[in-house]
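Here's the structure we're looking at; comments come further down.
In this note's numbering, the protein residues as written are 12 to 103.
Rendered as structure tokens:
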């Protein structure tokens, strides 16, 4: 994330009229792919969750996960979550 957003992460609105996100456009000139991405990304995530069984590495339990977050424009884990995808034998 660009450093220019770190000090005011809570007030940044990527759909607003501000000019902080010039690479993505602003107002009526906003990136035309944004509405599509907002619809497609959740679908992709759900498809991955449905198609795989998910396991933690090295026999780790859910209680051992460190879910501490860094404060940025989006929530980011301090220690990235690592999981192992196992393809389901049958897809419903």
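Cβ atoms here follow ideal geometry from the backbone N, Cα and C, with glycine treated the same way.
All figures in this text were calculated on a predicted structure; none of them were measured in a lab.
For residue i, the residue or residues it bridges with in DSSP
i, result
"residue 97", "64"
"residue 88", "80"
Cβ-Cβ distance between residue i and residue j below 8 Å
i, j, result
"residue 89", "residue 79", "yes"
Neighbour flag for residue i against chain D, beta carbons, 8 Å
i, result
"residue 46", "Checking the listed chains, one finds no chain D in this structure; it contains a single protein chain."
Practice item. Please determine if the region 58-67 and the region 81-98 are in contact, where contact requires at least 3 C-beta pairs separated by less than 8 Å. Key: Judged by Cβ distances under 8 Å, the region 58-67 makes contact with the region 81-98, as three or more pairs qualify.
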